[in-house]
Amino acid sequence: MFLIKSLRKNYSIGKFTGRLPYNLGQALHETRPNLIKPGDITPGISAQEYYIRRLRLLDKLPAKSCVVLPSNITRFASGAVFYKFQQNTDFYYLSGFDEPNSLMILEKPNDNIEDSIFHMLVQEKDPFKEKWEGSRTGTENCYNFFNADEVDNINNWKPYLEKILARSEKIYFNLDNSHSTYANEDIAKLINGSGKNFLNFKRTISEQRLIKSDDEIAVIRKCGQISGRSFNEAMSAKLQSEKNLQAFLEYKFISNGLDSSGYIPVVAGGPNALTIHYTINNDIIRDDEMVLIDAGGKFGNYTADISRTFPILGKFSEPQRELYEAVLDVQRECIKVCSQVVSGSVTFSDLHNFSRELMYKNLLQLGGFKNLEKNIDLLYPHHIGHYLGLDLHDIPSISMKEPLKENSVITIEPGIYCPSDDSIVPKHYQNIGIRIEDNVALLPNNQYMNLTVEAVKEVADIESVIANGVKRDNFNNNLNPLL
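All residue numbers for the sequence shown refer to UniProt numbering, where the first residue is 1 and numbers rise by one.
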């Protein structure tokens, strides 16, 4: 195990009750003690954990190497209208720093991992620009609060990086052409111009991010717990407008303690549920229809990812219930398989194939489906799930054919989508789309935890919640805001 140096973050040693004269570019305990506890850099994640993450990455790399990692930039929708900033998740994972136009360099000058150097180049404080755009952390505060060893103004990035490249033998830099920015391209040109090639470290960082710490799982659990309870409230609201239902659910995510939605929700009434990523959300939901919601709240840049399907006015018709039970059975059985993960013998592909076979069996038992063996992939066209973490579809570079690992978090989300086609689907099942999704932490000793268990999914429970509402007694009393 690494020696843990004394971190420089000595500000967060007690609880502050008033406003302090720190103007920083993101929430920290010193400015938002209601959100972040002492010793943490981001909600639920400590300065020490960020330090260990950097050491673990560098421990896998040779001496005289460096990792060059730019942040994301501010993106604009049109003219002066900017999108809400979303940090590069590798950058965030290693630093907790949540501002644009920054550069992180991790330098390993020799084999002693304790001699590694954490360089941060960030936007310097600028009172005029901060008056318009909001506070920046700046170089001095980046040193004090984020434990950078060396800091500089991002405007000096080129000569600064040139010096590090000159003394490094291996340069690790990920150029993702699908998300390329001028910053990435300029850095790539500088590295190539130095006469050295850069190596991709995406696989290395992905393998590290795959295995979640206890604190990461606790943060995702908070997202799942609050999101699940918010789903129940949305069910009981009986709102027959996709737009209003989306607004209500997102309001509940935030008012119950999360930061925002983790992604654009799917709120699909009736046949709209046949579109897997339906996000227009502008239709009405008719009395006899079900609505499929795929949504999750975000906290500290981690997100939940829940799907539930329910009759908008509270009673399943017989065909709706039959199809729903078929999908729910697949989901239950797949979650049970999670207890076998520790053996290292189960892959995501194995889990999907199991779900496909069981879905085929359940639909065959219902009867009436034509050419089911041929059409099962049309009716159930997506994978059983994906990894979950800082990205909604976390670490896609990890193959579905690799064994599932303990302390990873996955989604289990079988679905059935029955088109209006007499040659495939019996009439009474047509135009019904169902997906049921939970988030599962794969734990040691053949254990697992359903992180979204609060969102009801049994037929009787759904009908009861819609008919009787959600009991609000002690709704927040069992939610540790710093879980």
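Cβ atoms here follow ideal geometry from the backbone N, Cα and C, with glycine treated the same way.
Cα atoms of Ser102 and Ser397: separation of roughly 25 Å, rounded to the nearest angstrom. Under the DSSP definition of a beta bridge, Arg435 partners with Gly415.
Contact annotation, Phe316 with Val291: C-beta distance approximately 12 Å; criterion of less than 8 Å not satisfied. One thing to note: Val267 has its Cβ within 8 Å of the Cβ of Leu245. In the three-state reduction of the DSSP assignment, Ser194 falls in the coil class, being assigned neither a helical nor a strand state.
A residue is called buried when at least 16 other Cβ atoms come within 10 angstroms of its Cβ; Gly297 meets this threshold and is buried. Residue environment analysis places Thr74 among the exposed positions, since fewer than 16 neighbouring C-beta atoms fall within 10 angstroms of its C-beta. Shown here for Glu402: same chain residues with a beta carbon closer than 7 Å to its own, the five before and five after excluded, namely Thr347 in chain order. Setting aside the 5 residues that flank it on each side, Asn174 is surrounded in the same chain by Asn200, Phe201 and Lys202, each with a C-beta closer than 7 Å to its C-beta; the list follows chain order. In the structure shown, Ile226 falls within a helical segment according to DSSP collapsed to helix, strand and coil. Taken atom to atom, the span from the alpha-carbon of Asp186 to that of Pro70 is near 11 Å. Between Asp287 and Leu323, the CB-CB gap reaches or exceeds 8 Å.
In this structure, the straight-line span from the alpha carbon of Leu55 to that of Phe118 is close to 10 Å. Every alpha helix (DSSP H) of 4 residues or more that sits fully in the segment 51-95 is shown, in chain order, as 89-95. In the three-state DSSP reduction, Gln123 falls in the coil class, being neither helix nor strand. Of the candidates Ile276, Asn272, Ser399 and Phe299, Phe299 places its Cα closest to the Cα of Ser255. Per DSSP, the unbroken beta strand (DSSP E) holding Gln447 starts and ends at Gln447 to Asn450. Between Ile164 and Phe198, the gap from beta carbon to beta carbon reaches 8 Å or more. When the five nearest sequence neighbours on each side are left out, the beta carbons in the same chain lying within less than 6 Å of the beta carbon of Ser227 are those of Gly296, Gly297, Ala304 and Ile306, in order along the chain.
Taking the CA atoms as reference points, Gly415 sits about 9 Å from Val330. Phe97 sits buried, since 16 or more C-beta atoms from the chains shown fall within 10 Å of its C-beta. Within the DSSP bridge table, the entry for Glu107 names Cys66 and Ile117 as partners.
Residue burial is scored here from C-beta neighbours: Gly367 has fewer than 16 other C-beta atoms within 10 angstroms and is therefore classed as exposed. Rounded to the nearest whole angstrom, the CA to CA distance from Ile424 to Glu289 is 21 Å.
For Thr42, the three-state secondary structure derived from DSSP is strand. Exclusion of the five residues before and after Ala467 leaves Gly314 as the residues of its chain whose Cβ lies within less than 8 Å of its Cβ. In terms of Cα proximity to Leu364, the closest of Ile41, Asn192, Val327 and Val337 is Val327. Around Lys60, the same chain offers Thr204 as residues with beta carbons nearer than 6 Å, after the five sequence neighbours per side are excluded. The Cβ atoms of Leu274 and Tyr417 lie closer than 8 Å to each other. Taking His277 as reference, the option from Arg435, Ile36, Tyr92 and Cys334 with the minimal CA-CA separation is Arg435.
Its chain contains Glu454 as the residues whose beta carbon lies nearer than 6 Å to that of Arg229, once the 5 sequence neighbours on both sides are disregarded; these appear in chain order. Counting only the Cα atoms, Phe76 lies some 28 Å from Ile191. With fewer than 16 neighbouring CB atoms inside 10 Å of its own CB, Val81 falls in the exposed class. Taking the Cα of Trp157 as reference, the smallest distance to any Cα among Thr139, Asn144, Phe145 and Glu169 is reached at Thr139. Note: Phe299 is bridge-paired with Tyr302 in the DSSP secondary-structure output.
For Ile284, the number of other beta carbons within 10 angstroms of its own is below 16, and it is reported as exposed.
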